[in-house]
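The sequence shown begins at 104 in our numbering and counts up by one.
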Amino acid sequence: MKKSCFGLILLSILSGMCYAQTFGGRIGANIASQVWKTGSESYTTPTVAAMHVGANLNMGETEKLSTQIELTYSEFGFGKVDADNGESVGPLRIKYLKIGCAIKLHPVKDLNIHIGPEIGFQIIGHRTYLTSGDFGAFAGIEKFFTPNIGFGARYYYGFSDINEDPELKQKNRALQFSLLLRLNSQQLAALGF
Numbered sequence: 104m105k106k107s108c109f110g111l112i113l114l115s116i117l118s119g120m121c122y123a124q125t126f127g128g129r130i131g132a133n134i135a136s137q138v139w140k141t142g143s144e145s146y147t148t149p150t151v152a153a154m155h156v157g158a159n160l161n162m163g164e165t166e167k168l169s170t171q172i173e174l175t176y177s178e179f180g181f182g183k184v185d186a187d188n189g190e191s192v193g194p195l196r197i198k199y200l201k202i203g204c205a206i207k208l209h210p211v212k213d214l215n216i217h218i219g220p221e222i223g224f225q226i227i228g229h230r231t232y233l234t235s236g237d238f239g240a241f242a243g244i245e246k247f248f249t250p251n252i253g254f255g256a257r258y259y260y261g262f263s264d265i266n267e268d269p270e271l272k273q274k275n276r277a278l279q280f281s282l283l284l285r286l287n288s289q290q291l292a293a294l295g296f
């Protein structure tokens, strides 16, 4: 699955070089939590506030469709969890370098709905029991209020188990809010975005 994700990202970069390109960035907050599953029991942890900052390359392919490649520093984790024995765990923030590829549908000018896969590599964190990677998907919406400034919201759903313990499955979730910056937007504006 990870090889397929890299293949899709590489194909998007190569094919997108023929189309209008816009560079951009995003910075914002993650409202992160995790889903823990052991046996038949499932538990969603309390949330923790975290952050993300990243850059992207958007390639307009048609008037209503574009592809975006992203490189993002993003924090995931969970809030304080009280155990039955009186002890507690957390809050914990796991820091990832994330690579994503989004397909963006532009129903009207300066508004898009997007979805895509994302793979993450843990760069700083608690590797004593966690895996070094994370794989998931995101879906969201973005609105630009000026040619260069916008706001976005998306939900990240982690598919991979990030815990090395076979008895406990641990998966990332996050609601993300971003301030968006778009550079070289004249090219996409000519396509009607």
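Ideal Cβ positions, reconstructed from N, Cα and C, are used throughout, including at glycine.
Worksheet item: Exposed or buried, Gly223, counting other C-beta atoms within 10 Å across all chains shown (16 or more means buried)?
Response: buried
Discussion item. Please return the same chain residues whose Cβ sits closer than 6 Å to the Cβ of Ser281, not counting the five positions on each side in sequence.
Written reply: Arg129, Gly131 and Gly255
Item to complete: Compare the Cα-Cα distances from Ile265 to each of Arg257, Asn275 and Tyr258 and report the closest residue.
Response: Selected option, being the one with the closest Cα: Asn275.
Fill in: Cross-strand partners of Gly180 (DSSP beta bridge)
Arg196
Practice prompt. Provide the residue span of the beta strand (DSSP E) that contains Ile219, from first to last.
Written response: A quick correction: the sequence has Gly, not Ile, at residue 219. First-last of the beta strand (DSSP E) with Gly219: Leu214 to Ile227.
Discussion item. Could you pull the DSSP bridge partners for Asn251 from this structure?
Written reply: Under DSSP, Asn251 forms no beta bridge with any residue.
Worksheet entry | Proximity of Ile252 and Leu284 at Cβ, strictly below 8 Å | Yes, these two residues count as a Cβ contact at 8 Å.
Discussion item. Distance check for Lys246 and Leu168, CA to CA, integer angstroms please.
Written reply: 15 Å
Discussion item. Would Ile244 and Ile216 be called neighbours here (beta carbons separated by less than 8 Å)?
Written reply: yes
Worksheet item: Apart from the five residues just before and just after Ala277, which ones in its own chain have a Cβ nearer than 7 Å to its Cβ?
Response: Asn133, Ile134, Ala135, Phe179 and Tyr259
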